Structure formats: structure tokens, C-alpha cells
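Engineer: Here the sequence shown is numbered in full-length UniProt numbering, starting from 1 and rising by one per residue.
No residue lacks a Cβ here, since even glycine has one placed at the ideal position from N, Cα and C.
It should be emphasised that the depicted structure is a prediction, and the values quoted were computed from it without experimental measurement.
Below is the structure I would like to discuss, written out as C-alpha cells.
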Amino acid sequence: MNAVSSTLGQGSYSTLPPTPTEKLARLLRWPVVAAAIAAALYLVFVVYTTGQAAWAAGLLVLFTAGFYVYLSRDGFAWRYLFPGVAGMLVFIAFPLVYTAQIGFTNYSSTHLLSKSRVRDYLLEQHDAIEDQVLAYSLHADGAEFRLVLQPEGGAAPRWVSPPLALRKAADALRVDLMAADAEHLPLTAPLQAALPLAELVKHRDTLARLVLVLPDKTELHYLGLREFGPVKPQWTANADDSLTRAADGTVFKPNRDTGFFESSAGETLQPGFKAFIGVGNYARMLFDAEFRGPFLSIFTWTVVFSALTVACATAIGMLFAVLLNWEGMKYRTTYRTLLFLPYAVPGFISILVFKGLFNQNFGEINAILNALFGIKPAWFADPLLAKAMLLIVNVWLGYPYIMILCSGLLKAIPADLYEASALAGASPATNFLKITAPLIIKPLAPLLVSAFAFNFNNFVLIALLTDGRPDFLSTKLPAGQTDILVSYTYRIAFRDSGSDFGLAAAISTLIFFLVAALSLVNLRLSAKAQK
1 MNAVSSTLGQ GSYSTLPPTP TEKLARLLRW PVVAAAIAAA LYLVFVVYTT GQAAWAAGLL
61 VLFTAGFYVY LSRDGFAWRY LFPGVAGMLV FIAFPLVYTA QIGFTNYSST HLLSKSRVRD
121 YLLEQHDAIE DQVLAYSLHA DGAEFRLVLQ PEGGAAPRWV SPPLALRKAA DALRVDLMAA
181 DAEHLPLTAP LQAALPLAEL VKHRDTLARL VLVLPDKTEL HYLGLREFGP VKPQWTANAD
241 DSLTRAADGT VFKPNRDTGF FESSAGETLQ PGFKAFIGVG NYARMLFDAE FRGPFLSIFT
301 WTVVFSALTV ACATAIGMLF AVLLNWEGMK YRTTYRTLLF LPYAVPGFIS ILVFKGLFNQ
361 NFGEINAILN ALFGIKPAWF ADPLLAKAML LIVNVWLGYP YIMILCSGLL KAIPADLYEA
421 SALAGASPAT NFLKITAPLI IKPLAPLLVS AFAFNFNNFV LIALLTDGRP DFLSTKLPAG
481 QTDILVSYTY RIAFRDSGSD FGLAAAISTL IFFLVAALSL VNLRLSAKAQ K
């Protein structure tokens, strides 16, 4: 008690002396903070040196805010909010903004690099001067090696390098060559036999960094596993960012509208560069007839697919919930367990099972239809049948969720209402239409909107069951008649249409706003349901 004294009402107090652990924590606090700051600054520096100034600035702002919040008294109130806010900015806001800005560019497999990097790449291209190319051989010289160069066919003159260690080096190494018969190049022993091709391959990376210099100061560069030779640049840089082709003097200027270096005659250079094109991708969706046709069809099918799935799953799930709510039914628990199984089994397994069941030649479904009616529908080749198959499988996967929701909501309906209805002589259909449906549809509505939004982006079902096929014919971009917007976007970005990331990002942004609108509707319905 003597170690702890307090004066109540005055706010002054003394505490126990710090423990050894507390002393150690106080002692290590600032060294740890200094190490963390140094590590953060080093990471920012590394990112900046890679040429990503914007990323480096973003990291610097994030680290600065974090250190301010956790090291200053003024930021104390934010210490519990900062991780959530930072996570939201990094994992939600940043990907959204980054995707949206890509939608305003021509970013694609042919326009991956920035203009400056494309320009540097072209300036690095060289052509060998064919009439001065020299063949080379590599010879062991103790623990080191010697290069011997001479014209094709073994003609004179002949040059030999000093002993080389051929250690891996990051930078190019200049090596002066001397004539093989020069007095100042003593060969203590005859050259050993030339190394075979397999040994040359082992030293290829190091040989590629060598710059061999002849006595007349001609520089020879590595041209392959058998040759060194002088090179000349294919392009020369101009002050206005244009490039001149050394072969014919043609000037190529960067065209920001097309993302290529172009000549006055319309010739373009590969690769292209990433450029800002404004609303060009959105204009393609709205005004390009060849693109708009499949896009509108896919958008319409996406809405129909989501709406029909929710409607059918709701009808079936609600029906089963009402039937299972009948207390006089025997084996209710068994039926409920069996009807819940589609929800318990992982979705991708069920989809792959159905893919086998619907196989036209070997599937059990066609085997039954063939035995009963003599038909074998082409589920995967006919567009209408493929869409019907998708709906059947998706309803199978979705109705247990609705059934569980309705089962819970039915328990909340007072039994007195059904007793009064029975006294009035109402039929089961009347009970459902006048009592059950009105009382459960209101709290169920927000969940149905969520289910609609989920199916709007149900990529797994499309990818595993039909892969979007059968395809539309004669379209500018490959598009499937069973594709929904999200699977169509995936095909544009990563599959068989040239990896058009800019267009895919524009469609993704459109999908985001559509789903955001559905979320707002969901919130409004939830608010009404709580009133």
C-alpha cells in the first residue's frame, strides 16, 4: 500500500516502479521505430528507383500517416480506425481507381510499355555489319579461358584474347584483343582444343557481356554461340521524341491516338505504347455496331440470367420451405437434409458433375431422354439449350439458400393467423397468398437483391460449365452466347481477343456501377424492411 498512493479528486497519483520487461520495452522503443522508418524509406526508395514515382509517393503517404497515427498523441483517436481505413483504401479504393483509369487508355498486349520505354527499346536495336563478322572459339587455359577470333573459313588475320576468368558480371567487360603472332602476346603453351557447343552454352551469359576491342579500336559484340562482330544502331533519336531509321532515313513520330510510332506513310513500329484515349473504350461499347451487337446481347442475357435464376430459385425454395413447415409431414428432417445437400456440396464439384450429366453422347440425362423420347439434345452446341442448362444448374445450386431463409422467416409468422384463417375456411393457397407470401417477401427482398447481384457476376458457373460458348459468329471480338458480362470481360482481358485490358477495364467499371446501384437498392429495401 505504501508503494501506491493516490489523492482522489485531485487527479494526481504515483505508480509502481516499472518492471524489467517494461524497462526493456522503453529502451528498445525508439531503436525499433527508427529501424521501421528506415525500412519504410528503403522500400519507398526501391520502388522509386524502378521508375514508379506515383507508387513510391503513395507508399510514402501511407507510411507517413501510419507513423503519425501511432507515434503522435494527436493521432491517438485514429489508432483503432487506421488499419481499417488503410485496408479499405489499399484493397478497395485503389484497385477501383486503378481499374477505372486503365479504362481510359489503350492498354493491351500490344500496348504494354510506356512511350519512353518503347523508345529506349527501339534505340537498343542493332544490326550486325555482316562483312566484318568474325567466328570465335573458346579454349581452356588453365583455370581461365582464351577467345580466338578469325574470319569465316579460318582465314587470317587471327586475334586472341588475354586469359579470361569468365566470371559472371553485371556490367559489360571490355577486352583488348591482340594478334596471335604478336611478340607481346606470349603463349606459354599451344592452345588447347576448342570447347564444344555445350560448354559455350554454359558461358553464354558472360560472353554476351563482353565487348572485344581490336587493335584498330573496332568494337565487337556477341552475336551468338559462334560469332562476334561490330554492330550499328537501327535507329537514331531526335530532339522531338521521333526516331529516324538508319537504313533509309524514315522518321517515325509517336502517335498518341494509336499508341504507335508512325511514319508519314502510315507505317507503324512494334511494340506500341500505352496512351490516354479518353472515352474511346466507352464509345466502342455505345457506337461501334460490330461491338455493340454482341455486347447488348450479353448484357441482356446477364440480366435475364440473374432475374430468372432468382425467380425460379425463390419459387422452388419457398415451396419446399412451406412444405417442410407442415408439422404433420413424416420424415421432415430427412427431406430437409436431402434438399439441403446441393448447398453443402462445393459448387465447382456440382458444376463439373452436371457438365458430365449433360454430355450429348455419354451423359445420363441424354441417355434417359433417348430411351424415353428418342432424342439427344445438343446442350452445349445450341444457344437456347445451353442457356436453359445454365439456368437449371444455377437454380439447383441456389434454391437451398432461399429455402433456408424462408424456413427461418416462416417460424416468425404467428400461428394465430393460420388458426384464424382455418376457422374462416380458407384454403392452403389462400393462406400462402394472403398470409405467408406478404409476411416473408418484405424481409426477403433485400436478400433477393443480393442474390441477383451475386448471379450478375457468377463467373465460376459460366467458366466451368460452358466457358461462354457457343460463340457468336462474325464478331469483331470473340464473344459467347452464354457469356455474362464478367466472363465476357475475362475473355477480352486474358483470353482470345488480344488481351485488351483497357476495354476490359471499361466494362469492369460499368459492372461496378451496376452492382453499386443494386447495392443501393438493397440498402433502401433493407431500411424499408426494418420499419
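Give the range of the alpha helix (DSSP H) segment to which Pro400 is assigned.
Structural biologist: Looking at the DSSP string, the run of the alpha helix (DSSP H) that includes Pro400 is Pro383 to Lys411.
Engineer: Helix, strand or coil for Arg292 per DSSP?
Structural biologist: Arg292: helix per DSSP, three-state reduction.
Engineer: Quick one: residues in its chain with C-beta nearer than 8 Å to the C-beta of Asn238, no 5 flanking neighbours on either side, listed in chain order?
Structural biologist: Contacts found: Thr244 and Val251.
Engineer: How many Å lie between Thr482 and Thr314 at the Cα?
Structural biologist: Approximately 22 Å, taken between the alpha carbons.
Engineer: In chain order, what residues of the same chain have a beta carbon less than 8 Å from the beta carbon of Ala86, not counting five sequence neighbours either side?
Structural biologist: Result list for Ala86: Leu62, Ala65 and Gly66, in chain order.
Engineer: Nearest to Ala247 by CA position, among Leu269, Asp257 and Thr236, is which residue?
Structural biologist: The residue with the shortest Cα to Cα distance from Ala247 is Thr236.
Engineer: Consult DSSP for Pro438 and reduce its assignment to one of helix, strand or coil.
Structural biologist: Helix, per DSSP.
Engineer: To which residues of the same chain is Leu191 closer than 6 Å at the C-beta, ignoring the five residues directly before and after it?
Structural biologist: Same-chain partners within the cutoff: His139.
Engineer: May I have the straight-line CA-CA distance separating Thr105 from Asn281, to the nearest angstrom?
Structural biologist: Near 8 Å, if we compare the C-alpha coordinates of Asn281 and Thr105.
Engineer: Under the rule that 16 or more other beta-carbon atoms within 10 Å means buried, what is Leu96, buried or exposed?
Structural biologist: Result: exposed.
Engineer: Let me see if you follow: with CB-CB separation under 7 Å, is Asp141 close to chain B or not?
Structural biologist: Here chain B cannot be found, since the structure has a single protein chain.
Engineer: Using 7 Å as the threshold, is the C-beta distance between Leu220 and Pro233 below it?
Structural biologist: No, the pair does not count as a contact, with Cβ atoms beyond the cut-off.
Engineer: Could you work out which residue in Arg79, Tyr68, Leu525 and Leu518 is closest to Val303 when comparing CA atoms only?
Structural biologist: Selected option, being the one with the closest Cα: Leu518.
Engineer: Would you call the CB atoms of Ser69 and Trp78 closer than 7 Å?
Structural biologist: Residue identity check: residue 69 is Val in the sequence provided, not Ser. Yes.
Engineer: Beta-carbon within less than 7 Å of Gly356's beta-carbon, same chain only, minus the 5 sequence neighbours each way: which residues are those?
Structural biologist: Closer than 7 Å at Cβ, skipping near neighbours: Gly363.
Engineer: Under 7 Å Cβ to Cβ from Ala25, same chain only, skipping five residues before and after it: list those, please.
Structural biologist: So the list is empty, once near-sequence residues are dropped.
Engineer: Can you list, in chain order, the residues of its chain whose CB lies under 8 Å from that of Pro470, leaving out five sequence neighbours each side?
Structural biologist: Around Pro470: Phe380, Ala381, Asp382, Pro383, Ala386, Gly480, Gln481 and Thr482.
Engineer: So is residue 532 buried or exposed if we call it buried at 16+ other beta carbons inside 10 Å?
Structural biologist: Because the chain in this structure spans residues 1 to 531, residue 532 falls outside the shown range and cannot be described.
Engineer: Using the C-alpha atoms, what's the distance from Val310 back to Thr300?
Structural biologist: Approximately 16 Å, taken between the alpha carbons.
Engineer: Could you spell out the range, first to last residue, of the alpha helix (DSSP H) harbouring Lys23?
Structural biologist: Lys23 -> alpha helix (DSSP H) spans Pro20 to Thr49.
Engineer: Suppose the cutoff is 6 Å on Cβ atoms and the five residues either side in sequence are ignored; what does the same chain contact list for Thr466 look like?
Structural biologist: The answer, listed in chain order, is Ala386 and Thr482.
Engineer: Identify, in the order they occur along the chain, each residue of the same chain with its Cβ nearer than 8 Å to the Cβ of Ile349, setting aside the five sequence neighbours on each side.
Structural biologist: Counting only Cβ-Cβ distances below 8 Å, and skipping sequence neighbours, we find nothing.
Engineer: Run the CB neighbour count on Ala504, radius 10 Å, all protein chains shown included, and call it buried at 16 or more, exposed below.
Structural biologist: Label assigned to Ala504: buried.
Engineer: Can you pull the DSSP bridge partners for residue 544?
Structural biologist: Here the chain covers residues 1 to 531 and nothing more, so residue 544 does not appear.
Engineer: Answer with buried or exposed for Arg146, where buried requires no fewer than 16 other C-beta atoms within 10 angstroms of its C-beta.
Structural biologist: By the neighbour-count rule (16 or more Cβ atoms within 10 Å), Arg146 is buried.
Engineer: Over what stretch of residues does the beta strand (DSSP E) that includes Trp78 continue unbroken?
Structural biologist: Here Trp78 belongs to no beta strand (DSSP E), and DSSP marks it neither H nor E.
Engineer: Taking the alpha helix (DSSP H) that Glu419 falls in, what are its first and last residues?
Structural biologist: Element bounds for Glu419: Ala415 to Leu423.
Engineer: To the nearest angstrom, how far is it from the Cα of Arg119 to the Cα of Ser306?
Structural biologist: Between Arg119 and Ser306, the C-alpha separation is close to 47 Å.
Engineer: In chain order, what residues of the same chain lie with their CB nearer than 8 Å to the CB of residue 568, ignoring the 5 residues before and after it?
Structural biologist: Nothing in the structure corresponds to residue 568, since the chain is present only between 1 and 531.
Engineer: Taking Leu243 as part of the beta strand (DSSP E), name the residues at either end of that continuous run.
Structural biologist: It spans Leu243 to Arg245 - the beta strand (DSSP E) in which Leu243 sits, taken as one unbroken run.
Engineer: Can you tell which of Gln125, Trp159, Asn361 and Ile375 has the C-alpha that lies nearest to the C-alpha of Phe228?
Structural biologist: The shortest C-alpha separation from Phe228 is found at Trp159.
Engineer: On the DSSP letters alone, give me the boundaries of the beta strand (DSSP E) that Tyr70 sits inside.
Structural biologist: First-last for Tyr70: Ala53 to Leu71, but that is the alpha helix (DSSP H), not the beta strand (DSSP E).
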